[in-house]
Amino acid sequence: MQIASGLLAVIVGTVWLLGGASAVWAGARWLLAVLPYALGALGVLLILRAAVPRGLLAGPLVLVVGGGLWAAHDAGLFDGAVGQRVWPGALIAAGAVLSLGVRVEPRSPDEEQPLRRYRSVLVPVERQVVTSSVPLQHLAVSSYFGNLQIDLTGAQFKGDTSAEDLLRVLHADVTVCFGRVELLVGPYCAVVKGNVESTLAVRFAERVVVYGTEDEYLDHGGLRRPHRLVLNVLGLGGSVAVRSL
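What follows is the structure, encoded as structure tokens:
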């Protein structure tokens, strides 16, 4: 949101400086006119994402976009003043997608911290394998119309204060907005439900051992699976899946 707000402020300020307040209002009216088409294009993208296997979305998307632009050009929609507004708007949209596309916390020795953040906006992110010399305590994952897969099988969880040498815990806060997040945990890791009641699209694979509360985990599963992932999910649409090796 900070990046998007900054881009919007730069665009509005530039239009205001070059064309005055009237240009800003004209641009706002144009955006309102384009909004239905943008929502339709977003709907097509979501349908394609649901129907096409992961990794094969680029081809159908290029065909749909290319065919739509070709048809609009042949119909004369890009002629005259309309074309002078459409192409700059397309350029601005492409720049926004590139700038917001993928934001993943860089991996460097200086950033080995107990908190790790991963984010995907619009563009799918390749599988992220989490390793760290510092035990992880918190994991923040967010996906906005994108795909994100986090591999925690090799991650070192932070020791529990009640049993430092035995039980280890990682708190994962997941945010989805019509995106997909997949968490992969090791065979000795159990999942404890935190705040997941408000999100319906949370799926646990058959091999994942799930406990309703931390007390239930400590009473019944601590010795068999000394690692636990406390999962909190906040979302609108999309899905969150947890798989185990």
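The numbering of the sequence shown is numbering that gives the first Met the number 0, which starts it at 0 and goes up by one.
Backbone N, C-alpha and C define an ideal beta-carbon position, used for all residues, glycine too.
| field | Member of Gly66, Arg206, Leu62 whose CA lies at the smallest distance from the CA of valine 190 | value | Start at 1 with the first residue of the sequence shown, and residue 190 comes out as number 191. Nearest C-alpha to valine 190: Arg206.
| request: Would you mind giving the Cβ-Cβ distance between alanine 154 and leucine 135, rounded to the nearest angstrom? I have them listed as a contact below 8 Å. | output: As a working mapping, residue 154 is identified with position 155 in the sequence shown. As a working mapping, residue 135 is identified with position 136 in the sequence shown. About 6 Å separates the Cβ atoms of alanine 154 and leucine 135, confirming a contact at the 8 Å cut-off.
| request: Locate the alpha helix (DSSP H) running through tyrosine 216, then write down its first and last residues. | output: Indexing the sequence shown from 1 puts residue 216 at position 217. Residues 213-219.
| query | Could you check where the beta strand (DSSP E) with leucine 228 kicks off and where it finishes? | reply | Counted from its first residue, the sequence shown places residue 228 at position 229. For leucine 228, the enclosing beta strand (DSSP E) covers residues 226-235.
| message | For the structure I just gave you, are there three or more beta carbon pairs, one from the stretch 165-173 and one from the stretch 223-241, closer than 8 Å? | response | A contact between stretches requires three or more CB pairs, one per stretch, nearer than 8 Å, and the stretch 165-173 meets this requirement with the stretch 223-241.
| Residue range of the beta strand (DSSP E) that includes serine 132 | Position 133 of the sequence shown holds residue 132. For serine 132, there is no enclosing beta strand (DSSP E), as DSSP gives it neither H nor E.
| Integer Cβ distance of alanine 204 from valine 241, believed to fall under 8 Å | Counted from its first residue, the sequence shown places residue 204 at position 205. Counted from its first residue, the sequence shown places residue 241 at position 242. Yes, alanine 204 and valine 241 are in contact; Cβ-Cβ is about 7 Å, under 8 Å.
| query | Is DSSP giving proline 108 helix, strand or coil here? | reply | Residue mapping note: residue 108 aligns to position 109 of the sequence shown, counting from 1. Summary for proline 108: the model assigns pLDDT 44, below 50, so the residue's position carries little reliability; its value from the coordinates is reported in the next sentence. In the structure shown, proline 108 sits in a helix (DSSP, three-state: H, G or I).
| query | For alanine 20, which three-state DSSP category applies? | reply | Walking along the sequence shown from the start, residue 20 turns up at place 21. In this structure, alanine 20 counts as helix in the three-state DSSP scheme.
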